[in-house]
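Scroll down for the structure; my scribbles are underneath it.
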């Protein structure tokens, strides 16, 4: 079963300026290092154990699934779930109809030279940004996740990750074997309906627009089924401190 949101990926065209902007937004940003091919990152750890991966490319990688959305302006492009059994959850998603890769190794060289290693299974084809990818650490997780998890803006964790889709029924079916039972919801703020999964203290909402107008329709037409927004806990009513121009197209709010 999924154990919670492991991390959320924010793609940016210029990593250095994004580090500056997110720091100015009140986040403690830690340089993560380089992946073997094409990409590098900075990280924002949260007290609930999840983190943001701010990812850029240091060389062109047109074959990378995050390359195209980055060229369109980036933002929240993907999300990863933790699991207590990577192979079983990958098999459950496949049985439900999701096209998942075989678990494959990944690595990142931190600035201090430490090699972080993991194994992940990644959804492909039409599921590539709708379904989460799933990760299992080979090196200790605390070596992958920043230890600095206190932020000037008060953020402490992920309250709700909202994912836009055209087919809520399919999402419910695909995730039935790896998530707790979902409940039907209405999101008046988005003029949307959907299904909500609660995993620990975190919520994942998969929503579809009720009418042809509105931000979800615009997003689905531009990006297809994919993560739409993130609400964080612990802001103490400081939502206004998050300057949208510094978020790099990521819809992130503080409670």
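Residue numbers (the numbering used here): 2 to 256.
Glycine included, each C-beta is placed from N, C-alpha and C at the ideal position.
These figures come from a predicted structure and were not determined experimentally.
If residue i sits next to residue j, beta carbons under 8 Å apart, how far is it from one beta carbon to the other, in whole angstroms?
| i | j | result |
| --- | --- | --- |
| residue 226 | residue 177 | Contact flag wrong, Cβ pair sits at about 18 Å. |
| residue 20 | residue 30 | 5 Å |
| residue 62 | residue 38 | 7 Å |
| residue 221 | residue 208 | Incorrect: roughly 10 Å between the Cβ atoms, too far for contact. |
| residue 157 | residue 49 | 6 Å |
On a CA-only basis, which of the options is nearest residue i? Give me that one, please.
| i | options | result |
| --- | --- | --- |
| residue 88 | 193, 52, 135 and 203 | 135 |
| residue 8 | 197, 162, 208 and 256 | 162 |
| residue 112 | 35, 123 and 78 | 35 |
| residue 42 | 32, 48, 216 and 51 | 32 |
| residue 97 | 57, 69 and 171 | 171 |
| residue 228 | 236, 234, 216 and 148 | 216 |
| residue 45 | 159, 15, 4 and 75 | 159 |
| residue 200 | 210, 60 and 184 | 184 |
| residue 47 | 234, 15 and 102 | 234 |
| residue 4 | 149, 181 and 132 | 181 |
| residue 243 | 23, 100 and 175 | 23 |
| residue 93 | 145, 174, 212 and 254 | 174 |
| residue 179 | 75, 213, 205 and 194 | 205 |
| residue 1 | 58, 71 and 124 | Lying outside 2 to 256, the shown extent of the chain, residue 1 is not represented and no answer is given. |
| residue 224 | 65, 246, 231 and 69 | 69 |
| residue 76 | 212, 232 and 55 | 55 |
| residue 81 | 60, 122, 65 and 117 | 122 |
Put residue i into one of helix, strand or coil per three-state DSSP.
| i | result |
| --- | --- |
| residue 12 | strand |
| residue 265 | This structure leaves residue 265 out entirely; the chain is present only between 2 and 256. |
| residue 18 | helix |
| residue 139 | coil |
| residue 56 | strand |
| residue 182 | coil |
| residue 28 | coil |
| residue 125 | coil |
| residue 40 | strand |
| residue 188 | strand |
| residue 102 | coil |
| residue 197 | strand |
| residue 70 | helix |
| residue 48 | coil |
| residue 245 | helix |
| residue 223 | helix |
Over what stretch of residues does the alpha helix (DSSP H) that includes residue i continue unbroken?
| i | result |
| --- | --- |
| residue 96 | 87 to 97 |
| residue 147 | Looking at the DSSP string, residue 147 is not in any alpha helix (DSSP H), and its letter there is neither H nor E. |
| residue 171 | 169 to 176 |
Using the C-alpha atoms, what's the distance from residue j back to residue i?
| i | j | result |
| --- | --- | --- |
| residue 107 | residue 126 | 20 Å |
| residue 6 | residue 151 | 18 Å |
| residue 251 | residue 79 | 11 Å |
| residue 26 | residue 248 | 8 Å |
| residue 83 | residue 2 | 9 Å |
| residue 245 | residue 53 | 17 Å |
| residue 198 | residue 15 | 34 Å |
| residue 115 | residue 148 | 15 Å |
| residue 103 | residue 109 | 20 Å |
| residue 99 | residue 139 | 25 Å |
| residue 28 | residue 202 | 21 Å |
| residue 105 | residue 218 | 34 Å |
Give the range of the beta strand (DSSP E) segment to which residue i is assigned.
| i | result |
| --- | --- |
| residue 109 | 105 to 110 |
| residue 162 | 158 to 165 |
| residue 119 | 116 to 122 |
| residue 205 | 203 to 210 |
| residue 79 | 76 to 84 |
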